[in-house]
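203 is the number that UniProt numbering gives to position 203 of the sequence shown; each next residue is one higher, with no gaps. Where a beta carbon is used, it is the ideal one built from N, C-alpha and C, also for glycine. Take a look at the structure set out below.
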Amino acid sequence: MTTNLSFSRDVSLQPYNTFGIAAQANYFLSITDVDQLRALRADPALAAMPRLILGGGSNLVLSDQVDALVLKMDLLGKSIVGEDAEFVYVQAQAGENWHAFVQWTLALGLGGLENLSLIPGTVGAAPIQNIGAYGMEVQDALFQLEAFDFASGEMRVLDKAACQFAYRDSIFKHALKDRVAITSVQFALPKQWQPKIAYADVARYLQLQAISAPSPRAVSDAIIAIRQAKLPDPQVIGNAGSFFKNPLVSAAERDALLLNYPDLVSYPQASGEYKLAAGWLIERCGWKGKNLGRAGVYEKQALVLVNRGGASGAEVRALAQAVQADVLAKFAVTLEVEPVFV
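Listed below in structure tokens is the structure:
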């Protein structure tokens, strides 16, 4: 390797993934400047290496040995970049902490991201997963993003349509997987803000607080309180948040399930399909609070798998597969994993 980039060898990735898996990286580089990405591409040996682009590590399940060049996206900075009659445009670099960025927008008096409060990870990783919670997805506010294209060596600007967003999905998991590194993201935050509080948990919390006309900050506070009550803190117990996608089924499939399970939790979709609550399905299979090896299903929310201490990526995978098998056998519903196994 002829480049003067400052690599580290055999680096523990345990501090860099929220599941707390003690994986080792062959090569590790903190990216603090886009020029580093250009230098990587210019070196034939480096350009040929498998890459793992790492944000906050909140949507990964790592194997014990990561045989790749791990690029930790540590680009920092955020600012207001413009406005028009409808929106204020804000931009953040890829390495910015997502929740801290949301709180920064709220401190500026800008609403639009509050429903995505307390989601772990970084700004640059948010579009890849099209993160979402409580009636909102990142695509709802995203205006455009910049990404370095390792194939062409150029910076690319992708608008919302080009990102090909879907439920917990985007082009960055498909055609552009491993080809680009997102470097910054720009959001359009509405000047005429309206709260999104249709979810029962959010409406109930605001009602208990006697808040009838919530501000963006009040909605954020509600989301934070609800998430803290249901989800484990990765600093305390390793996890990757919601581990399974809520499955979509046809109206006929949902009606058939209702015959046997009248308390089935489902939500109608604009497509005519129904979204089932994966946590409800898992709990009904008896997995809530149960362990398999050193991995387990969180006792307060069956949608979350946790590291009970020293769990390997293989143990997490085995638990996920066991849960999937039981849900399929009981309900004839296939659960899809949200995190990426590396």
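Status (buried if at least 16 other CB within 10 Å, exposed otherwise) for residue i
i: SER8; result: exposed
i: residue 350; result: Because the chain spans 1 through 342 in this model, residue 350 falls outside it and cannot be assessed.
i: PRO262; result: exposed
i: TYR298; result: buried
i: residue 344; result: With the chain covering only 1 through 342, there is no way to say anything about residue 344.
i: HIS174; result: exposed
i: ARG254; result: buried
i: residue 346; result: The requested residue 346 is not part of the displayed model; the chain covers only 1 to 342.
i: GLY241; result: buried
i: residue 417; result: A query on residue 417 cannot be resolved here, the shown segment of the chain reaching from 1 to 342 and no further.
i: THR334; result: exposed
i: TYR267; result: exposed
i: MET1; result: For MET1, the predicted structure reports a pLDDT of 42, less than 50, and the residue's modelled location is therefore unreliable. The matter cannot be settled from this model.
i: ASP74; result: buried
i: GLN192; result: exposed
i: LYS72; result: buried
i: LEU208; result: exposed
i: ALA147; result: buried
i: VAL202; result: buried
i: ILE282; result: buried
i: GLY279; result: buried
Per DSSP, cross-strand counterpart(s) of residue i
i: ARG156; result: ALA147
i: PRO268; result: TYR274
i: LYS72; result: SER30, LEU54
i: GLN209; result: DSSP, once it has assigned bridges, lists no residue as partnering GLN209.
i: ALA311; result: Looking at the DSSP assignment, ALA311 forms no beta bridge with any residue, so it has no partner.
i: ASP64; result: Looking at the DSSP assignment, ASP64 forms no beta bridge with any residue, so it has no partner.
i: LEU248; result: LYS275
i: SER8; result: PHE28
i: PHE101; result: DSSP output for PHE101 lists no bridge partner at all.
i: PHE341; result: VAL61
i: ALA166; result: ASP169
First and last residue of the uninterrupted beta strand (DSSP E) at residue i
i: ILE80; result: 78-83
i: LYS196; result: Counting along the chain, LYS196 falls outside any beta strand (DSSP E), and DSSP gives it neither H nor E.
i: residue 402; result: Because residue 402 is not part of the residues shown, which for the chain are 1 to 342, the question remains open.
i: ALA92; result: 87-93
i: GLN186; result: 180-190
i: GLY241; result: 238-242
Endpoints, alpha helix (DSSP H) assigned at residue i
i: LEU258; result: 251-260
Runs of beta strand (DSSP E) wholly within the stretch 10-61 (minimum 3 residues, chain order): Correct list: 24-31, 51-54.
The stretch 298-305 touching the stretch 222-239, judged by at least three CB pairs closer than 8 Å: yes
Inter-stretch contact (C-beta, 8 Å, three-pair minimum) for the stretch 142-156 and the stretch 179-190: Contact between the stretch 142-156 and the stretch 179-190 is present, because at least three Cβ pairs lie under 8 Å.
At least three beta-carbon pairs within less than 8 Å, the stretch 20-27 to the stretch 59-76: When Cβ pairs closer than 8 Å are counted between the two stretches, the stretch 20-27 is seen to touch the stretch 59-76, the count reaching three or more.
Any alpha helix (DSSP H) of 4 or more consecutive residues that is wholly inside the stretch 108-141: List check, alpha helix (DSSP H) in window: 126-129.
Contiguous beta strand (DSSP E) assignments of at least 3 residues, all confined to the stretch 275-307: 295-297, 304-307
Inter-stretch contact at 8 Å, needing at least 3 Cβ pairs: the stretch 186-195 / the stretch 251-265: Not touching, per the Cβ criterion.
Validate contact between the stretch 108-117 and the stretch 48-64 using beta carbons, cut 8 Å, 3 pairs: no
Three CB pairs or more closer than 8 Å across the stretch 119-139 and the stretch 88-106: yes
Stretch-stretch touch, CB-based, cutoff 8 Å, three pairs: the stretch 209-228 with the stretch 100-112: yes
The stretch 33-45 in contact with the stretch 13-20 per 3-pair CB rule at 8 Å: no
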